[in-house]
Structure formats: C-alpha cells, structure tokens
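Each protein sequence line maps, in turn, to chains A, B and C.
The opening position of the first sequence corresponds to residue 1 in the working numbering, with each subsequent residue numbered one higher.
The opening position of the second sequence corresponds to residue 253 in the working numbering, with each subsequent residue numbered one higher.
The opening position of the third sequence corresponds to residue 413 in the working numbering, with each subsequent residue numbered one higher.
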Amino acid sequence: MPSWFQTITKSRFWQSFFRHGWPDNPLDRSLVMTTNIFFHLHPVKVSRKSLRVTYSFGLGVMSIIVFLILSVTGLLLMFYYTPTIERAYTYILHLQTQVPFGQLLRNLHRWAAHFMVIVVVLHMARVFYTGAYKPPREFNWVIGVLLLLLTFGASFTGYLLPWDQLAFWAITVGTSVAAYAPGAGPTLRTFLLGGAEVGQEALTRFYALHVMLIPMGIALLTSIHIWRVRKDGGLSANQTVDEDHRDGQKHD
Amino acid sequence: MQLFEPKKLTRGQFLSLSWLSALVVLIGETAFGLMKFLKPTASGGFGGSIYAGKVEEFPPGSVNYILSGRFYIVHTTGGLLALWQRCTHLGCAVPWVEAEDQFHGPCHGSLFDQVGVVKGGPAPRPLDIFPVTIKDGEVWVDTSKPLERTGFDPSQLTPV
Amino acid sequence: MDKSTIKEPFSKSSAKTYSLVELVHRAPTFMVDHGPDDTVFAFPLVALLELLLTLGVSLVLLWMSLSVNAPLEEIANPNQTTDPAKAPWYFMGLQEMLEHGHPTLMAVLLPTLMVIFVVLIPYLDNDSHGAGRWFTNQRGKSITIKTALYVVIVMPIYIFLDSMFPPRELLRGIFPDLVSQVIIPAIFMGVIVLLPLLVLNRYHPTPREVMLVLFTVLFVSAIVFTLTGFLFRGPGFKLYLPWAMPGGYNPFSNL
Numbered sequence: 001m002p003s004w005f006q007t008i009t010k011s012r013f014w015q016s017f018f019r020h021g022w023p024d025n026p027l028d029r030s031l032v033m034t035t036n037i038f039f040h041l042h043p044v045k046v047s048r049k050s051l052r053v054t055y056s057f058g059l060g061v062m063s064i065i066v067f068l069i070l071s072v073t074g075l076l077l078m079f080y081y082t083p084t085i086e087r088a089y090t091y092i093l094h095l096q097t098q099v100p101f102g103q104l105l106r107n108l109h110r111w112a113a114h115f116m117v118i119v120v121v122l123h124m125a126r127v128f129y130t131g132a133y134k135p136p137r138e139f140n141w142v143i144g145v146l147l148l149l150l151t152f153g154a155s156f157t158g159y160l161l162p163w164d165q166l167a168f169w170a171i172t173v174g175t176s177v178a179a180y181a182p183g184a185g186p187t188l189r190t191f192l193l194g195g196a197e198v199g200q201e202a203l204t205r206f207y208a209l210h211v212m213l214i215p216m217g218i219a220l221l222t223s224i225h226i227w228r229v230r231k232d233g234g235l236s237a238n239q240t241v242d243e244d245h246r247d248g249q250k251h252d
Numbered sequence: 253m254q255l256f257e258p259k260k261l262t263r264g265q266f267l268s269l270s271w272l273s274a275l276v277v278l279i280g281e282t283a284f285g286l287m288k289f290l291k292p293t294a295s296g297g298f299g300g301s302i303y304a305g306k307v308e309e310f311p312p313g314s315v316n317y318i319l320s321g322r323f324y325i326v327h328t329t330g331g332l333l334a335l336w337q338r339c340t341h342l343g344c345a346v347p348w349v350e351a352e353d354q355f356h357g358p359c360h361g362s363l364f365d366q367v368g369v370v371k372g373g374p375a376p377r378p379l380d381i382f383p384v385t386i387k388d389g390e391v392w393v394d395t396s397k398p399l400e401r402t403g404f405d406p407s408q409l410t411p412v
Numbered sequence: 413m414d415k416s417t418i419k420e421p422f423s424k425s426s427a428k429t430y431s432l433v434e435l436v437h438r439a440p441t442f443m444v445d446h447g448p449d450d451t452v453f454a455f456p457l458v459a460l461l462e463l464l465l466t467l468g469v470s471l472v473l474l475w476m477s478l479s480v481n482a483p484l485e486e487i488a489n490p491n492q493t494t495d496p497a498k499a500p501w502y503f504m505g506l507q508e509m510l511e512h513g514h515p516t517l518m519a520v521l522l523p524t525l526m527v528i529f530v531v532l533i534p535y536l537d538n539d540s541h542g543a544g545r546w547f548t549n550q551r552g553k554s555i556t557i558k559t560a561l562y563v564v565i566v567m568p569i570y571i572f573l574d575s576m577f578p579p580r581e582l583l584r585g586i587f588p589d590l591v592s593q594v595i596i597p598a599i600f601m602g603v604i605v606l607l608p609l610l611v612l613n614r615y616h617p618t619p620r621e622v623m624l625v626l627f628t629v630l631f632v633s634a635i636v637f638t639l640t641g642f643l644f645r646g647p648g649f650k651l652y653l654p655w656a657m658p659g660g661y662n663p664f665s666n667l
C-alpha cells in the first residue's frame with residue numbers, strides 16, 4: 001500500500017469513520033461486518049451451502065435490491081407529480097415529454113414494480129419448496145406472507161397514480177372485488193376510496209398509502225425479516241451441513 | 253355463606269391493572285378517533301344531492317342519463333327510479349343500449365332490464381338505486397347513499 | 413478446581429488434560445477444532461455477490477425501460493368503461509376466478525382461505541427434518557412435479573368447460589343463485605383441490621408431503637388463473653387466443 005494511503009487510513013479522522021483496518025485478514029474482515037451498519041446484517045462467516053446459486057437463486061436479496069430501486073425512482077418521480085385529478089395526468093405527460101430522462105424514470109419504476117411482485121412471489125415459492133419455513137423459522141414465514149401482501153398493496157396503490165383510463169378502471173374493478181367481503185367489505189372499500197367511487201379522495205388516499213405508509217411497512221417488516229434470518233441461523237441450507245455432520249458421527 | 257369472596261388486590265396488582273386499563277383506553281380512543289378521522293365525508297358534486305332536471309324532461313317509458321350524477325332516471329309505470337350506472341359486478345359503467353332495450357355491461361357482459369334487474373351475466377344483484385325526491389316539479393337525487401336491493405318492487409318508485 | 417470434572421473435548425486420552433493443537437495468529441480461538449467447517453468470510457465474497465446482483469437487476473431493468481415504454485392511456489373518464497376492464501396483472505387470477513362463481517366465494521372466501529392456509533403452513537408441518545433441501549427428498553420432488561402436471565392439465569380444462577357451459581346461465585331461473593353460483597362452483601373447486609390429496613393419502617404421506625401437494629395445487633392454479641385472465645381474456649372478458657384478439661386488443665397493453 002502506498003504510504004499516503006497508509007497515512008490517510010491510519011489517521012484519527014479516517015479511523016473515527018471506519019473502525020477496522022484494511023480487510024485482508026480474518027480480524028479486519030470480521031470487523032468490517034460487525035462495525036458497519038450496512039454490513040452488520042450479514043454474519044461474519046457464511047456457509048458455502050447457503051451461497052449456492054441453485055439453492056436460493058438470490059431471490060430475497062433481489063427483492064431488496066428492487067425495493068431500493070423503486071424507492072429511489074419513486075422519490076425522484078415525486079418531484080414531478082401532484083395527486084390531483086386535474087393535474088396528475090398532465091404531470092405524467094409533462095414528465096414523459098418535457099423532463100430529461102423522465103420517461104426512462106417512469107419506465108424504470110413501472111417495470112421494477114412488476115419485477116418486484118414476480119421476485120417476491122418466486123422467493124416465497126423457493127422458501128416453501130426448500131422447507132425453509134420449518135421451525136424455528138415459522139414466524140419469519142408469517143412476516144414473509146405479510147411482506148407479499150404489502151408488495152401487492154404497494155403495486156396496486158401505485159397503479160392509480162397516473163390517472164389514466166387503465167388506472168381508473170383497474171382500481172375500480174380491484175376495489176369492487178374488496179367490497180364482496182362479507183360484513184366489512186363495503187366499509188373497507190369506502191375507507192380505501194374515501195367515497196363511493198374512484199375520485200379525488202381515492203387518489204389522495206392511494207398516494208399517501210403508496211409513498212408513505214406501505215413503503216414504511218415494507219421497510220420495517222423487511223428489517224425484522226432479515227434480523228430473524230440471522231437470529232435463526234442464516235439460511236436453512238446451513239442446517240443441512242449440521243445434519244450431514246451429525247449423521248456422519250452416528251455411523252462411527 | 254358468601255357467594256363471592258371479596259378478592260384482595262395487592263398494591264402491585266392494582267397498579268398493574270390501572271396501567272393496563274389506561275393503555276387499553278388509550279388504544280381504544282386512538283382507534284375510535286382514527287376511524288372517525290378516516291371515514292369519508294360526503295361533499296358536493298357526486299356524492300351529494302344532485303339536481304336531475306324538471307319532471308317534464310322524463311316522459312313515461314324514457315331512460316335518461318344524468319352525467320353529473322352518473323345515474324339514469326327511468327320513468328316506468330308508477331313513477332321515477334334513479335339507477336346508479338355502476339355495475340353491481342365489478343363497478344364498470346353500464347350504458348343503456350336503446351336497440352337492445354336493456355343495460356348492457358361492456359366488462360363482463362352483465363345484462364339488466366329497464367328497472368335494473370339482472371337478466372344475464374355475472375352481476376349478483378340488480379343495479380343500485382338512489383333516493384329520488386320531487387320538489388316543485390324538480391327532480392333531486394341524493395347520491396350520497398346508494399341503496400342495494402335484491403329485486404324490483406314498485407315501492408322503490410317515486411310517484412310523479 | 414477438581415481436575416477430574418474438567419472435560420477436554422478434543423482429547424483422545426482421558427489421562428491427558430491439555431494439548432497444543434495450533435498456534436492461532438490474529439484469529440478468534442473458538443474457530444479452532446470446530447469440526448469440518450464449510451464457511452467462508454462474508455467479506456468480500458458476499459458483498460461482491462450482492463454487488464453483482466444489483467448490477468444485474470439494474471441492467472435488466474434499464475434494458476427493459478429503454479426498449480418498452482410504460483403504458484399511458486387517455487385521461488381517466490368515469491363515464492366510459494374500457495373494454496375489457498382489467499385489474500393489474502397480479503390480480504387477474506382473482507378476476508378470472510370471478511368468472512366462475514359468486515364474488516363472495518371466488519374473490520373473498522377462497523382467497524382468504526388461501527392466505528390463512530399459507531400463513532399456517534409452518535404450524536401444520538412443524539417437523540424441521542429436511543429443511544434446507546429442495547422438495548425435502550426425491551419422493552417430494554416427484555410428488556410436486558406430478559401435482560403440478562395435474563393442475564396444468566385439469567385447471568385449463570375446467571376454465572374452458574365452465575366458460576362454455578356456465579352453470580350460472582344454464583341454471584338461471586331454475587335454481588337460486590346460491591346453488592348455481594356458490595354451491596356448484598365450490599364443489600368443483602373442492603374436488604379439483606382435494607383429489608390429489610385423496611390419491612396421496614394411499615401412500616402414507618408425511619405432513620410435509622401434504623403441504624407440498626396443497627401448496628403446489630394453489631400455487632400452480634394461481635399461475636394458471638392469472639395467465640388465463642391476463643392473456644386469454646379479450647373484449648367482453650370472453651376467452652380468445654392472445655394473438656387473435658378481436659379489435660386488435662393487445663393483452664400486454666394492460667401492463
């Protein structure tokens with residue numbers, strides 16, 4: 001390492017930021033994980049079995065990546081959007097035709113939203129078929145189901161925001177389905193729409209749900225989800241290592 | 253003999269109970285307030301009381317569309333009926349098709365007769381109606397609360 | 413301290429109380445002699461893998477966004493319904509189910525049962541043996557594949573026949589709606605879902621295998637219904653082939 005680099009990384013200023021040395025040895029590689037808030041979601045050491053691509057296909061990580069892409073593109077879209085029935089549609093037109101990269105940004109947000117639904121569903125299927133819901137991971141499976149429902153909710157509420165024919169009738173049909181729930185159905189629908197039909201109140205409510213409540217819920221539940229994965233000993237594939245080992249000893 | 257022996261609470265139990273009930277009250281109040289806060293309030297335009305027109309504008313046997321209220325004024329034998337255009341299946345707007353003498357939903361092919369009773373398709377119940385009032389020859393329709401029904405009954409009509 | 417109570421786990425001889433195994437340099441001592449250890453340091457390998465995934469996902473989405481524009485139709489008009497009017501694609505399975513029975517049954521009761529079942533899976537099958545292996549074992553794999561094949565064949569046939577000869581229209585006026593729109597579809601659905609379970613029951617299944625069958629039936633049915641509603645439903649919500657839609661309707665314009 002060049003000396004100027006060492007001077008910087010050994011300085012008190014640098015070391016107040018990073019509480020580990022250059023990660024080329026076991027100690028510092030451990031410290032990277034334990035002293036960095038973004039990395040501390042990971043264990044210091046991971047089992048090779050859980051890294052196998054054909055085991056997890058990286059679907060859980062991909063869900064988080066797409067969620068982050070959606071958060072960033074969504075935040076940027078908010079700079080060019082107002083949830084009023086008079087202006088929402090013209091703002092989308094303006095975004096697509098006048099704003100540099102506006103169309104690209106909207107496309108990214110739209111396709112990422114569809115992608116997230118697919119990835120989250122596939123992730124659930126993967127977890128089911130690998131039996132990764134089994135004890136002690138029952139509760140994390142329940143959180144996962146909630147996350148799937150929230151993903152549907154996030155995508156569905158976002159669908160209305162462009163305020164075009166596609167959005168309007170999709171939400172009309174979708175919320176009409178909810179009204180068939182025995183008992184609370186019609187009330188649920190009115191609360192969701194803020195009225196009897198899809199209108200300004202519905203747009204306002206869907207906007208608040210879409211940009212605030214549901215993303216916050218997803219972020220919170222995702223944190224618990226990942227924390228639980230760590231607490232339960234990483235991916236279930238790790239467990240098979242232990243089982244093989246135990247079985248091996250049994251035969252001695 | 254005493255049926256109910258008075259139970260003695262310790263100081264700790266009493267305090268725990270107090271805190272717990274305070275918490276329950278707090279949650280209850282918050283939930284109640286939240287429900288009240290989020291409950292939609294009806295305002296003007298659609299969702300309020302709408303002027304449909306003069307009685308003479310709706311001759312017997314006619315079906316007229318009122319755009320601002322998204323409903324149809326049907327004048328059938330016995331009086332007026334205000335049918336909400338919203339299909340009872342999934343909420344699509346159902347147009348009146350004069351040539352077929354029926355309401356024909358474009359989404360899933362639900363069919364309704366002149367008074368909104370299902371003739372075919374997946375709709376589970378007749379078209380919803382709005383209360384109609386006639387004041388000084390003017391037809392007013394209250395669109396704030398659509399009325400669900402299971403069939404047609406002459407009592408639903410407002411006599412002219 | 414009484415020496416006889418100290419257990420030295422790595423010692424071969426009971427007389428030997430200590431041994432020099434290895435000199436540990438800058439590594440936690442608890443890692444030593446911990447049995448065959450198939451682990452690697454998460455840094456930098458996992459960080460690199462995640463970076464790779466991020467790049468891959470971004471690249472795919474960017475390529476998609478550059479080649480296909482997000483749809484935007486005319487401004488919303490509450491007085492004019494589009495034909496067909498479809499929900500977002502992931503709810504098309506629900507909308508398709510609505511075609512085959514009363515909404516309360518198809519859009520509320522069955523989906524609610526489905527969600528409750530999915531939530532309860534880990535509590536119905538709580539034997540942690542086989543966790544972390546795809547389909548648990550070879551038998552699980554073959555059960556899953558057979559069930560999936562069964563659903564892929566039976567469900568489209570049911571959807572097609574039910575659309576050709578809908579009990580709702582055939583029995584209108586003969587039986588009340590409760591019979592034609594709730595009881596009959598519920599019996600059909602129940603038979604289709606429970607039939608593979610009855611077959612499986614003859615082979616003394618474990619709870620895991622019951623879950624495999626039920627989940628596969630529901631999961632593959634959801635896919636079949638979603639694809640049918642999304643691809644094969646055209647104007648008037650009638651069944652058409654996706655490439656032969658009347659009026660030039662393109663199912664993908666609803667994305």
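Backbone N, C-alpha and C fix where the C-beta goes; we use that ideal spot for every residue, glycine too.
Interface residues of chain C facing residue i [CB-CB closer than 8 Å]
{"i": "B:ALA345", "result": "PRO490, ASN491, GLN492, THR493"}
Cβ neighbours of residue i in the same chain (closer than 8 Å, five flanking residues each side left out)
{"i": "B:GLY296", "result": "Model confidence at B:GLY296 stands at a pLDDT of 45, short of 50, so the residue's coordinates are unreliable; what they give is reported in the following sentence. Within the same chain, B:GLY296 has no close Cβ partners at all."}
{"i": "B:GLY373", "result": "HIS341, GLY357, HIS360, GLY361, SER362, LEU363"}
{"i": "A:ASP28", "result": "HIS20, GLY21, TRP22"}
{"i": "A:LEU203", "result": "PRO83, THR84, ILE85, ALA88, LEU160, LEU161, TRP163"}
{"i": "A:LYS66", "result": "Reading off the sequence, residue 66 of chain A comes out as Val, not Lys. Answer for A:VAL66: ALA112, PHE115, MET116, VAL119, listed in chain order."}
{"i": "B:THR402", "result": "ARG377, PRO378"}
{"i": "C:PRO654", "result": "LEU643, PHE644, PRO663"}
Within chain E, the residues that residue i reaches when beta carbons sit closer than 9 Å
{"i": "C:LYS498", "result": "No chain E is part of this structure, whose protein chains are labelled A, B and C."}
Exposure label - residue i; buried when at least 16 CB within 10 Å
{"i": "A:ASP24", "result": "exposed"}
{"i": "A:LEU235", "result": "buried"}
{"i": "A:MET10", "result": "Inspection of the sequence shows that residue 10 of chain A is occupied by Lys rather than by Met. A:LYS10 is exposed by the Cβ-count criterion."}
{"i": "C:MET623", "result": "buried"}
{"i": "B:GLU309", "result": "exposed"}
{"i": "C:TYR615", "result": "exposed"}
{"i": "A:GLN96", "result": "buried"}
{"i": "A:LEU77", "result": "buried"}
{"i": "B:GLY393", "result": "Correcting the residue type first, residue 393 of chain B is Val in the shown sequence and not Gly. B:VAL393 should be labelled buried."}
Residue i: first and last residue of the uninterrupted alpha helix (DSSP H) it sits in
{"i": "A:ILE259", "result": "Outside the modelled stretch of chain A, which goes from 1 to 252, sits residue 259 of chain A, for which no answer is possible."}
{"i": "A:TRP169", "result": "165-178"}
{"i": "B:GLN265", "result": "263-290"}
{"i": "A:ASN25", "result": "Segment: none, A:ASN25 is in no alpha helix (DSSP H) and carries neither H nor E."}
Chain-ordered chain B contacts of residue i [CB-CB under 8 Å]
{"i": "A:VAL177", "result": "LEU342"}
{"i": "C:PHE649", "result": "CYS359, HIS360, GLY361"}
{"i": "C:ASP589", "result": "PRO376"}
{"i": "A:GLY58", "result": "By Cβ distance, chain B contributes nothing, its closest Cβ being about 38 Å from A:GLY58, past 8 Å."}
Contacts that residue i makes with chain A (C-beta to C-beta distance below 8 Å)
{"i": "C:TRP655", "result": "Result: empty, since nearest Cβ-Cβ is about 21 Å, beyond 8 Å."}
{"i": "B:PRO383", "result": "Within chain A, no residue comes near B:PRO383; the closest Cβ sits about 14 Å away, beyond 8 Å."}
Limits of the unbroken beta strand (DSSP E) element including residue i
{"i": "B:THR328", "result": "323-328"}
{"i": "B:ALA334", "result": "331-336"}
{"i": "B:GLU390", "result": "390-394"}
{"i": "A:VAL46", "result": "45-47"}
{"i": "A:GLN103", "result": "Per DSSP, A:GLN103 belongs to no beta strand (DSSP E); it is in the alpha helix (DSSP H), 102-129."}
{"i": "C:ILE533", "result": "Taken as a continuous stretch (DSSP letters only), C:ILE533 belongs to no beta strand (DSSP E), being part of the alpha helix (DSSP H) at 522-536."}
From the options, residue whose alpha carbon lies closest to that of residue i
{"i": "A:VAL198", "options": "B:ALA345, B:ILE302, B:SER314", "result": "B:ALA345"}
{"i": "C:TYR535", "options": "A:LEU108, A:TRP141, A:ASN107", "result": "A:TRP141"}
{"i": "C:VAL564", "options": "C:ASP539, C:GLY513, C:THR640, C:PRO515", "result": "C:THR640"}
{"i": "C:SER665", "options": "A:ALA208, A:LYS49, A:GLY233, A:GLN165", "result": "A:GLN165"}
{"i": "A:MET265", "options": "A:SER63, A:TYR91, A:TYR180", "result": "No answer is possible for residue 265 of chain A: the residues shown for chain A start at 1 and end at 252."}
{"i": "C:ARG452", "options": "A:THR34, A:TYR81, A:SER50", "result": "Note on residue identity: the sequence assigns Val, not Arg, to residue 452 of chain C. Closest option to C:VAL452, Cα to Cα, is A:SER50."}
{"i": "C:PHE572", "options": "C:LEU525, C:PHE627, C:VAL636, C:GLY542", "result": "C:VAL636"}
Neighbourhood of residue i by C-beta distance below 6 Å, restricted to the same chain and skipping five residues each side
{"i": "A:ILE171", "result": "LEU160, VAL198"}
{"i": "C:VAL591", "result": "none"}
7 Å Cβ cut-off: residues of chain A touching residue i
{"i": "B:LEU319", "result": "Those within 7 Å of B:LEU319 in chain A number zero; the least Cβ separation is about 14 Å."}
{"i": "C:LEU667", "result": "HIS114"}
Partner residues on chain C for residue i, Cβ-Cβ distance less than 9 Å
{"i": "A:VAL46", "result": "THR451, VAL452, PHE453, ALA454, LEU457, VAL458"}
Chain B contact residues for residue i, given Cβ-Cβ distances below 9 Å
{"i": "C:HIS514", "result": "PRO374, PRO376"}
{"i": "A:ALA208", "result": "Simply none; closest approach about 11 Å."}
Neighbourhood of residue i by C-beta, 7 Å cutoff - its chain only, sequence neighbours within 5 removed
{"i": "B:VAL367", "result": "VAL326, THR328, LEU333, PHE404"}
Contacts of residue i in chain C (Cβ-Cβ under 7 Å)
{"i": "A:THR130", "result": "GLY544, ARG545, TRP546"}
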